[in-house]
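Be aware that the first sequence starts at 1, since it is given in UniProt numbering, and climbs by one per residue. Some notes on the structure that comes next.
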Amino acid sequence: MQFNRRWKFGWGRFSEVDLFTDRHESNAETLSQAIRAAASEEPDADGSVLFGQLKGTVVGLRYYSGVVNQGEMVGLVRQPQNPYDRNAVMVANIYGNQVGHIKKELAAAMAYIMDNNLAKVEGVVFSGTKNTYTMPVMLSFWGKEESKNSVLEQMSRRGYKLNTEGGKLKGDNQQWYNSQDARAFSSKKGVTTALTADELKNAFDNLFEGLMESKDGEKEAAVSVATPLLLHQKQALSWMCARENKAALPPFWEKRGELYYNTLTCFSAKELPERVRGGILADDMGLGKTLTVIALILTNFHKGKPLPVEKCVEKVSPIKAKTTSQMALTLEGSSSAVGAGVSGTSSGSNLTQEEVICVDEPHAVKAADKSEKSKSKEKMKATKRKPSKEGSVLFEDLDFAAALSGSTSGTGSKKKKTDKKSSLTQIAESSITESPDDLKARTTLIICPLSVLSNWLDQFEQHMDPNVKLNVYLYYGPERNRSKKFLSSQDVVITTYNVLSSDFGNKSPLHGISWLRVVLDEGHIIRNPNAQMSKAVLDLKAQRRWILSGTPIQNSVRDLWMLVAFLGLKPFDTREWWNRVIQRPVTQGDRAGLQHLQTLVKCITLRRTKNSEVNGRPLVSLPEKKVYVEQVELSQPEREEYELARTEGKNTIGRYVAEGTVLRNYADVLAILMRLRQHCCHPDLLAKMSSDLGAAATPAELRERLIEKLRLVLASGSDEECSVCLDSVRLPVITHCAHVYCRPCIAQVISTSGQEVAHCPLCRGEIKTSELVEFPQEEMEEENITKPERWRTSSKVQALMGNLLRLRSKDSSIKCLVVSQFTRFLTILETPLREHGFSFVRLDGTMTQKKRTQVIQEFQSSAADSPTIMLLSLKAGGVGLNLTAASHVFLMDPAWNPATEEQCIDRCHRLGQKRKVVVTKFIVKDSVEENMVKIQRKKQDLMEKAFGSTNTDRKTSRIDDIVALMEL
DNA sequence: ACCGCCGGGTGCC
DNA sequence: ACCGCCGGGTGCC
């Protein structure tokens, strides 16, 4: 039976509720976010406790086809619309097939509890699975501690007594429980000891490490890939092709007789479980994920054959010329936005005719026996001979040919039957059988953040054989071609997460196409399942799915769900099974659960780091990197101003700490910290502030205060992130609970809530459209043009300039990145740079993509007059950015999250860097900055504490942070 | 369901 | 017999 990806049908309401209550908590990028996250007391499935258990009865088995095995978990779904009983509770197996109903009396008792979210009820069928009419089910009630008594009482009122002592039930039914539910029992006996937070943290850190062991040998790329692959890239290609082609059983499935059996959920099926064709390529950045994917696209079309590409030749026999809609690197309507790297259009247009030739040799070269032939010219010659070898028919395989022409061959229906039959007898390692429909899919859809869009285009350009035409369409910009027919005739369509999610729900052509392959670049950015773009991504139809990510896991098992769901790793693409089998066991320290998670990740992930080795040699050798901290002493007047601000802030925060209201006043706390950090950089960074922090008496006053906070966020130039779209805030508004969002984003949250009052995504406070406060437009413009009357220097500016001048006199060819979180600081720095005759460019979050590309190109240029300095805002651009022209990095101010700094450094310390990399971090002596650095160092410990611990612990450590920062 | 329940057929032993 | 008993029909929610 085929299940499509929308199989969550029956759970519609169920999974909505589930998704919402189990809200994702994003990795704390800034302390601000960290505090917000702690402030919002969200219901957390991880922290739920077992109330008790109850034997119930499933009835009506004969009316439904869903079957269950001994020990199999089942889902319980309320059916309030059931015409016979509005208390109905449906029972379904893991694949969503209905098994029966809970007996009505029991259902009546459960309905209230389920509808009011007092408990989550989970079922395991431990015996009687062969019964025709009814069977027993063990029901476990999970929920928040405070609901426990209410649930027990509700049930007992209806005559149902929950067994609250897990151990007692054990005697009779020793064998019924499965591994994960076993924990509830065995823990009592001490059979397994729970993992400590340390062990868990450690295991989690290593989850994505050591996944390197020889996967599937090596594979040469198709000849149309002009760049020779490095050894590790060939290994990745081989692994990826295998993941796409081989019908190996997914993790936790094994064959038992005629059936396929899932060892975790105890589900079994007659058919081969649908395989995950794809996975996570989690190589460190700089290892060439992009090239590997390009190679995959060209090398592994249907049935393991290379993508048939158009080859440009000047002389052509007219009979063979098969002109389809031909455009090379189509860029309709968006060329202006990209500019760089897409000039490929021209090469095709000056040729009169084109011939379609399958330029590729039969793939799969395991040994490295043909390394000499890898120069592209040579390859082209070789392939010219190819057709004769393969016969005069270019595509002898009918299905293959049909796939290309887009028409289904007459054998279609017949073929389908045999396919189905053969799939039953298939052995695990055979390759996947593709139906004629499957073979029609041609296009790979690549979704990436805007910042790396141009990189993809460059890389296609760079790595493709210039004589080969690949149809690459950039689906971006207002003029984008929305024709499904057109898009699905491309070889590659590239778009951004934002375009995808803005199209989503708006008769999106991207969602109407059956893609051959969908590739999510920087896939970790879809880790929040509530985000619109995550939903948009899940709704895509594709045969093969890939996630590229340099940082697959931030700090939580939650983050993984989205990835697993996108890959369609059943049954975990449904939240309930993920929670029951993986998330809850793992977060509660269950060893078996962790083991399962490790197995799962291992099966679908390939990850190599810069330090990985193949055959004892490092994958890539990067030049040395040295990090220096340069202490900066404030001048006397600066110090005085700083101390003044610090004392004032210390008093305020000290009061909050004493009152225990730190988290309630985090906006103020943040403001104080922000001002101190600004003092450390430059006095002109400080926005003129009203220091009135008292309670607002009138609405007008409240409004004024909110605007003040918003001003603070904006004026600092620190790239604030909107928690809804996860992008930089555009059209900022601030809620009454003092959280900043894009106006369209929060407006949508409110409108989709369907209620008069919605809840703030960050703190769950009530929000109304009428109460959103916007930044006054005039002030916004004024803010932008505000220039200090006369420029002045600061100690930090001096420190930087000293370094830059010294460097220039030593070697004028050295290029530098000057990085700050405050874009206004970058502006301040422009003046002395100009004065000293430095040629510089600037890259920050406010720039358009076109401008960015241009700036990067200028900077990367090796021309004599090219800029030697780039002023870079810490978060601008995101990860894909390649700034290898720079070999010196100056970090002007410390970031809350050391990973952000690392990422920034890695933009020049990456593949292609020829020089030694020197990083200088400026830290003001005896200041909040020094304390921030200490906290950075402590970050590992904090993460440990935060992981798998209660919200209270996390809160405590955040308050501790603040106390430490202020030296209270 | 190798049950319970319903409702029609039936009615000394 | 306005009962009991028998045995067939029937059966989730």
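For glycine and all other residues, C-beta sits at the position ideal for the given N, C-alpha and C. A quick note: this is a predicted structure, and the numbers were derived from the prediction, not measured.
Review point. Out of N498, L445, I935 and K485, which has the shortest C-alpha to C-alpha gap to S451?
Key: One-based indexing of the first sequence puts residue 451 at position 451. For the residues N498, L445, I935 and K485, the minimum Cα distance to S451 belongs to N498.
Exercise for review: Using beta-carbon positions only, say whether residue 971 and R703 come within less than 9 Å of one another.
Suggested key: Outside the modelled stretch of the chain, which goes from 1 to 968, sits residue 971, for which no answer is possible.
Review point. Among the residues of its own chain, which have a CB less than 6 Å from the CB of V564, if the five just before and after it don't count?
Key: Reading the first sequence from its first residue, position 564 is the one you call residue 564. F572, listed in sequence order.
Practice item. Would you list, in sequence order, the uninterrupted alpha helix (DSSP H) runs of no fewer than 4 residues that lie entirely inside the region 543 to 616? Key: 558 to 567, 584 to 587 and 591 to 604
Review point. Exposed or buried, P260, counting other C-beta atoms within 10 Å across all chains shown (16 or more means buried)?
Key: Taking the first residue of the first sequence as position 1, residue 260 is located at position 260. In the sequence on display, residue 260 carries Tyr and not Pro. The residue is buried, with at least 16 neighbouring Cβ atoms inside 10 Å.
Practice item. In angstroms with no decimal places, state the Cα-to-Cα distance between L264 and R517. Key: Sequence index remark: in the first sequence, residue 264 carries index 264 (1-based). Sequence index remark: in the first sequence, residue 517 carries index 517 (1-based). Going by the C-alpha atoms only, they are around 29 Å apart.
Point to revise | Cα-Cα separation, F859 to D844 | key: Reading the first sequence from its first residue, position 859 is the one you call residue 859. Reading the first sequence from its first residue, position 844 is the one you call residue 844. Cα to Cα, the separation comes out at about 14 Å.
Practice item. Please classify residue 969: is it buried, with 16 or more other beta-carbons within 10 angstroms of its beta-carbon, or exposed? Key: Since the first and last residues shown for the chain are 1 and 968, residue 969 lies out of range.
Point to revise | Buried or exposed by the 16-neighbour rule on C-beta atoms within 10 Å, applied to G754 | key: Against the first sequence, residue 754 aligns to sequence position 754. Result: exposed.
Practice item. Using the Cα positions of residue 1043 and A645, report the straight-line distance between them to the nearest angstrom. Key: Since the first residue shown for the chain is 1 and the last is 968, residue 1043 is missing from the structure and cannot be characterised.
Review point. Straight-line CA distance for L500 to V855?
Key: One-based indexing of the first sequence puts residue 500 at position 500. One-based indexing of the first sequence puts residue 855 at position 855. Going by the C-alpha atoms only, they are around 26 Å apart.
Check your understanding: Short check: CB of F838 to CB of L804, under 9 Å?
Key -> Taking the first residue of the first sequence as position 1, residue 838 is located at position 838. Taking the first residue of the first sequence as position 1, residue 804 is located at position 804. Yes, these two residues count as a Cβ contact at 9 Å.
Exercise for review: Determine contact between the region 581 to 588 and the region 80 to 89, defined as no fewer than three beta-carbon pairs at a distance below 8 Å.
Suggested key: no
Point to revise | Q636 burial status per 10 Å Cβ neighbour count (16 or more: buried) | key: As a first step, residue 636 must be located in the first sequence, where it is residue number 636. Classification for Q636: exposed.
Check your understanding: What separation, rounded to the nearest whole angstrom, lies between the Cα atoms of K650 and E72?
Key -> Your numbering for residue 650 matches position 650 in the first sequence. Your numbering for residue 72 matches position 72 in the first sequence. So the two alpha carbons sit approximately 58 Å from each other.
**Study point:** Separation of P273 from P623, as counted between CA atoms
**Key:** For the purposes of this step, residue 623 is identified with residue 623 of the first sequence, where counting begins at 1. For the purposes of this step, residue 273 is identified with residue 273 of the first sequence, where counting begins at 1. Computed Cα separation, rounded: 47 Å.
Exercise for review: Note down the Cα distance separating C742 from E756, rounded to an integer number of angstroms.
Suggested key: As a working mapping, residue 742 is identified with position 742 in the first sequence. As a working mapping, residue 756 is identified with position 756 in the first sequence. Taking the straight line joining both Cα atoms gives about 20 Å.
Review point. For F825, which three-state DSSP category applies?
Key: Within the first sequence, residue 825 is the residue found at index 825, counting from 1. It is helical.
Exercise for review: From the DSSP output, in three-state form, read off V757 for me.
Suggested key: Working through the first sequence from its first residue, we reach residue 757 at position 757. Of the three classes helix, strand and coil, the one that applies to V757 here is coil, per DSSP.
Practice item. Whole angstroms is fine: what's the gap from P867's alpha carbon to F840's? Key: By one-based count along the first sequence, residue 867 stands at place 867. By one-based count along the first sequence, residue 840 stands at place 840. When rounded, the distance between both Cα atoms is 5 Å.
Point to revise | DSSP bridge partner residues for Q98 (one or two, in chain order) | key: The count along the first sequence starts at 1 and reaches residue 98 at position 98. Answer is A92.
**Study point:** Same chain, Cβ closer than 7 Å to G100, five either side skipped, listed in chain order
**Key:** Sequence index remark: in the first sequence, residue 100 carries index 100 (1-based). Counting only Cβ-Cβ distances below 7 Å, and skipping sequence neighbours, we find V58, V59, G60, L61, Y64 and V91.
**Study point:** Span separating the alpha-carbon of L351 from that of P466
**Key:** The residue labelled residue 351 in the question sits at position 351 within the first sequence. The residue labelled residue 466 in the question sits at position 466 within the first sequence. Residue placement at L351 cannot be trusted, given a pLDDT of 34 that sits under 50; what the coordinates show is reported in the next sentence. Taking the straight line joining both Cα atoms gives about 13 Å.
Point to revise | Bridge partner(s) assigned by DSSP for M138 | key: To locate residue 138, count along the first sequence from 1; it is residue 138. Answer by DSSP bridge pairing, in chain order: K55 and V124.
Check your understanding: Rounded to a whole number of angstroms, what is the C-alpha to C-alpha distance between L731 and Q490?
Key -> Along the first sequence, one-based indexing puts residue 731 at 731. Along the first sequence, one-based indexing puts residue 490 at 490. Whole-angstrom Cα-Cα distance: 35 Å.
Point to revise | L487 beta carbon less than 9 Å from that of Y475 | key: The sequence position of residue 475 within the first sequence is 475, counting from 1. The sequence position of residue 487 within the first sequence is 487, counting from 1. Taking 9 Å as the Cβ cut-off, Y475 and L487 qualify as a contacting pair.
Point to revise | 6 Å Cβ shell around S820 - same chain, five flanking residues per side excluded | key: As a position in the first sequence, residue 820 is number 820, starting the count at 1. Closer than 6 Å at the Cβ level, and outside the excluded window around S820, lie L826, M892 and D893.
Review point. Per DSSP, what kind of secondary structure is T752 in: helix, strand or coil?
Key: Numbered from its first residue, the first sequence carries residue 752 at position 752. Secondary structure at T752: helix, using DSSP grouped into helix, strand and coil.
Point to revise | CB of A109 within 9 Å of CB of D85, strictly | key: Counted from its first residue, the first sequence places residue 109 at position 109. Counted from its first residue, the first sequence places residue 85 at position 85. At least 9 Å separates the beta-carbon of A109 from that of D85.
Check your understanding: For residue 993, does the three-state DSSP call read helix, strand or coil?
Key -> Past the edges of the chain, shown from 1 to 968, lies residue 993, and the structure says nothing about it.
Check your understanding: With C-beta atoms as the reference, is V151 less than 9 Å away from F51?
Key -> Sequence index remark: in the first sequence, residue 151 carries index 151 (1-based). Sequence index remark: in the first sequence, residue 51 carries index 51 (1-based). Their beta carbons are under 9 Å apart, which means V151 touches F51 by this criterion.
**Study point:** Cα-Cα separation, A247 to E434
**Key:** Position 247 of the first sequence, counting from 1, holds the residue named residue 247. Position 434 of the first sequence, counting from 1, holds the residue named residue 434. Approximately 11 Å, taken between the alpha carbons.
Practice item. State buried or exposed for D283, treating a residue as buried only when at least 16 other CB atoms are found within 10 Å of its CB. Key: Here the question's residue 283 lines up with position 283 in the first sequence. Flag for D283 reads buried.
Point to revise | Bridge partner(s) assigned by DSSP for A269 | key: Walking along the first sequence from the start, residue 269 turns up at place 269. The bridge partners DSSP lists for A269 are Y260.
Practice item. Please classify K219: is it buried, with 16 or more other beta-carbons within 10 angstroms of its beta-carbon, or exposed? Key: Along the first sequence, read from residue 1 onward, the residue named residue 219 stands at position 219. Buried.
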